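Since the structure comes first, as structure tokens, the remarks are kept for the end.
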Ligand SMILES: *Cc1c(COP(=O)(O)O)cnc(C)c1O
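Residue numbers (our numbering): 308 to 745.
Right under this line is the structure:
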């Protein structure tokens with residue numbers, strides 16, 4: 308019915324052969340230079356040798372690369388094909404429910420095996436570690452999406468994985484642990500007694516709910532101590548944002564196919580990877596003068612971009628990582644245990660932070676009751692139950708669409724459906740029972 312009315316199908320599908328051959332590296336096009344990471348002790352810019360104990364050389368090269376396109380290896384594409392290209396979908400029913408002239412599109416990254424965008428980088432990272440002879444990875448996870456994505460990647464490339472899972476989420480989201488263990492990972496509730504960083508926190512506060520900053524310290528400590536082990540990060544870093552550009556590159560092709568181009572691109576931001584992924588391939592056009600509004604959405608309980616400071620800070624609580632210039636709430640910040648566990652990091656991707664600082668990207672923050680209300684509206688119109696993280700983006704999309712209704716403008720809005728919410732139903736239940744608070 309919709310297609311007959313508008314000529315635009317509900318889902319715009321790409322063939323496997325149309326999957327991007329290379330990731331897009333926005334660093335080649337940045338209008339202002341990106342401040343480099345600094346060594347935590349010397350405060351000098353980090354060299355590759357500083358990162359080598361933690362990451363394989365291929366990822367370090369990507370981290371500092373100035374090449375515009377970086378080829379996606381055949382082995383990575385072979386795994387991507389399990390779920391990529393993902394559909395670009397027109398939200399006709401949401402438009403109708405909102406009575407808006409806006410045209411709303413979403414890229415559905417919730418269709419990956421782990422249920423989020425995170426496998427796009429997890430698969431790539433597992434592959435690049437594997438080819439350099441690494442046997443085991445360590446990582447942290449909040450709500451468990453990253454841990455499960457990396458568990459999938461490690462299993463498919465034959466690596467072992469130790470996951471330090473933020474304690475509050477470990478108890479709130481027991482099924483993510485099951486998912487990680489199904490894919491063969493070892494999962495520990497952080498802070499643990501296994502590391503110096505964990506023991507130090509527990510000594511001060513035996514009831515600590517944990518935080519991503521603490522869990523990172525634990526994962527880094529284990530990786531530093533073992534020769535065959537490296538560390539993997541699911542967001543923030545340049546190479547992570549790079550891998551996620553497969554989303555935006557596909558979306559761009561899909562929109563071209565139907566003769567559309569977004570006026571507004573919206574995404575939720577935890578560390579910034581899914582939003583960077585959908586946005587950056589379009590950002591190059593904005594640098595070249597094209598009109599495009601980009602809106603990053605975060606929770607009011609962890610308002611890095613809207614209320615944080617743009618300054619050098621540590622990536623972790625124990626001050627072991629390089630200092631990175633980013634919007635930060637301070638590396639000791641422990642946000643309240645909201646349901647969008649993936650949005651509880653104290654900092655943000657340095658590239659994204661720079662673009663917010665320079666005015667290329669706007670940021671907004673919402674409280675979680677409004678976010679869940681938007682998630683329910685979306686589910687009741689479009690069917691998909693989105694992750695609480697994603698519901699932040701949905702809330703902003705609804706607000707923008709309502710503005711269009713009021714102004715009569717028919718804007719094209721694109722957002723990233725970063726993940727499904729089928730393992731986050733406890734949060735939805737609380738909301739439906741009227742028990743959720745801000
Ligand atoms: C992890 C996660 C996020 C937040 O992380 P980013 O790096 O900001 O993308 C958002 N949505 C989902 C579904 C996630 O799993």
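Virtual Cβ for every residue (Gly too), placed ideally from N, Cα, C. It should be emphasised that the depicted structure is a prediction, and the values quoted were computed from it without experimental measurement.
Worksheet item: Anyone know if the C-beta pair for residue 415 and residue 729 falls short of 7 angstroms?
Response: Not a contact, by the Cβ cut-off of 7 angstroms.
Item to complete: Could you check the C-alpha separation between residue 740 and residue 596 for me, to the nearest Å?
Response: Roughly 48 angstroms separates the two Cα atoms.
Worksheet item: By the 10 Å Cβ neighbour count, where 16 or more other Cβ atoms means buried, how is residue 448 classified, buried or exposed?
Response: By the 10 Å Cβ count, residue 448 comes out buried.
Item to complete: Use the C-beta contact count for residue 639: other C-beta atoms within 10 angstroms, 16 or more gives buried, fewer gives exposed.
Response: Burial call: exposed.
Practice prompt. Starting from the C-beta of residue 564, find all residues in its chain whose C-beta is less than 7 angstroms away, skip the five residues before and the five after it, and write them out in chain order.
Written response: Within the same chain, 319 come within 7 angstroms of residue 564 by CB-CB distance, once the 5 residues on both sides are set aside.
Practice prompt. Output the boundary residues of the beta strand (DSSP E) element that contains residue 616.
Written response: From DSSP, the beta strand (DSSP E) with residue 616 extends over 616–621.
Worksheet item: Can residue 694 be considered in contact with ligand 1, in the sense that its beta carbon sits closer than 6 angstroms to one or more heavy atoms?
Response: Shortest gap from the CB of residue 694 to any heavy atom of ligand 1: under 6 angstroms.
Discussion item. What would DSSP say about residue 527, mapped onto helix, strand or coil?
Written reply: Residue state, collapsed to three classes: helix.
Item to complete: Using 6 angstroms as the cut-off, classify the Cβ of residue 575 as near or not near the heavy atoms of ligand 1, replying yes or no.
Response: Checking every heavy atom of ligand 1 against the Cβ of residue 575, one is found closer than 6 angstroms.
Worksheet item: So does residue 415 have its beta carbon nearer than 6 angstroms to some heavy atom of ligand 1?
Response: Every heavy atom of ligand 1 is 6 angstroms or more from the Cβ of residue 415, so no.
Worksheet item: Between residue 476 and residue 695, what straight-line distance do the alpha-carbon atoms span, to the nearest angstrom?
Response: If you take the alpha carbons of residue 476 and residue 695, they lie about 13 angstroms apart.
Worksheet entry | Alpha-carbon to alpha-carbon, residue 379 and residue 520 | A straight line joining the alpha-carbon of residue 520 with that of residue 379 spans about 30 angstroms.
Discussion item. Can you look up residue 597 in the DSSP assignment and give me helix, strand or coil?
Written reply: Under the three-state reduction of DSSP, residue 597 is assigned to coil, being neither helix nor strand.
Worksheet item: For residue 308, which residues from the same chain have a beta carbon less than 6 angstroms from its beta carbon, with the 5 sequence-adjacent residues on both sides left out?
Response: Caution is warranted here: a pLDDT of 48 is assigned to residue 308, below 50, making its placement in the model unreliable, and the coordinate value is therefore given only provisionally. Cβ neighbours of residue 308 within its own chain (closer than 6 angstroms, five residues either side excluded): none.
Discussion item. Going by DSSP, what residue range makes up the beta strand (DSSP E) through residue 493?
Written reply: Per DSSP, the unbroken beta strand (DSSP E) holding residue 493 starts and ends at 493–497.
Practice prompt. Go ahead and pull the three-state DSSP assignment for residue 308.
Written response: Residue placement at residue 308 is flagged as unreliable, the pLDDT there being 48, under the threshold of 50; a coordinate-derived value is accordingly withheld.
Worksheet item: In or out: residue 478 buried (at least 16 other Cβ within 10 Å) or exposed?
Response: Exposed, by the Cβ-count rule.
Worksheet entry | Reduced DSSP secondary structure (H/G/I, E/B, other) of residue 449 | Looking at residue 449 - three-state DSSP - the assignment turns out to be coil, as it is neither helix nor strand.
Item to complete: To the nearest angstrom, report how far apart residue 460 and residue 421 are at their CA atoms.
Response: Rounded to whole angstroms, the gap between the alpha carbons of residue 460 and residue 421 is 10 angstroms.
Item to complete: Please find out if some non-hydrogen atom of ligand 1 comes closer than 6 angstroms to the beta-carbon of residue 675.
Response: For ligand 1, not one heavy atom lies less than 6 angstroms from the Cβ of residue 675.
Item to complete: Answer with buried or exposed for residue 469, where buried requires no fewer than 16 other C-beta atoms within 10 angstroms of its C-beta.
Response: Classification for residue 469: buried.
Worksheet item: Using the C-alpha atoms, what's the distance from residue 562 back to residue 399?
Response: Going from the Cα of residue 399 to the Cα of residue 562 covers about 15 angstroms.
Discussion item. Taking the straight line between their C-alpha atoms, what separation do you get for residue 377 and residue 657?
Written reply: Roughly 19 angstroms separates the two Cα atoms.
Item to complete: With DSSP as the reference, label residue 607 as helix, strand or coil.
Response: Here residue 607 carries a coil assignment [DSSP, helix/strand/coil].
Worksheet item: Where does residue 426 fall in DSSP's three states?
Response: Residue 426 falls in the helix class under three-state DSSP.
Item to complete: Could you check if residue 537 is buried or exposed, using at least 16 other CB atoms within 10 Å of its CB as the buried criterion?
Response: Around the C-beta of residue 537, 16 or more other C-beta atoms lie within 10 Å, and the residue is accordingly described as buried.
Practice prompt. Answer yes or no: do residue 642 and residue 608 have a C-beta to C-beta separation smaller than 7 angstroms?
Written response: Contact check for residue 642 against residue 608 passes: the beta carbons are separated by less than 7 angstroms.
Fill in: Neighbourhood of residue 509 by C-beta distance below 6 angstroms, restricted to the same chain and skipping five residues each side
For residue 509, where only same-chain residues beyond five positions count, the Cβ hits under 6 angstroms are 498.
Practice prompt. Put residue 742 into one of helix, strand or coil per three-state DSSP.
Written response: Coil.
Item to complete: Within its chain, find whatever has a CB closer than 7 angstroms to the CB of residue 426; leave out the 5 residues flanking it on each side and keep chain order.
Response: Excluding positions up to five away in sequence, the list reads 419, 420, 456, 459, 460.
Worksheet item: To the nearest angstrom, how far is it from the Cα of residue 705 to the Cα of residue 405?
Response: Roughly 8 angstroms between the two C-alpha positions.
Worksheet item: Span of the alpha helix (DSSP H) holding residue 479?
Response: It spans 474–479 - the alpha helix (DSSP H) in which residue 479 sits, taken as one unbroken run.
Worksheet item: Looking only at C-alpha atoms, which of 481, 485, 437, 445 sits nearest to residue 463?
Response: Comparing alpha-carbon positions, the option among 481, 485, 437, 445 lying closest to residue 463 turns out to be 437.
Worksheet item: Based on Cα-Cα distance, which residue from 435, 481, 444 lies nearest to residue 452?
Response: Per the Cα distances, 481.
Practice prompt. Identify the continuous alpha helix (DSSP H) that holds residue 671 and give its terminal residues.
Written response: Premise fails: residue 671 lies in the beta strand (DSSP E), 669–673, not in any alpha helix (DSSP H).
Discussion item. My assumption, with CB atoms under 8 angstroms, is that residue 347 sits in contact with residue 627. Please give the rounded CB distance.
Written reply: The pair is a contact, with the Cβ atoms about 7 angstroms apart (cut-off 8 angstroms).
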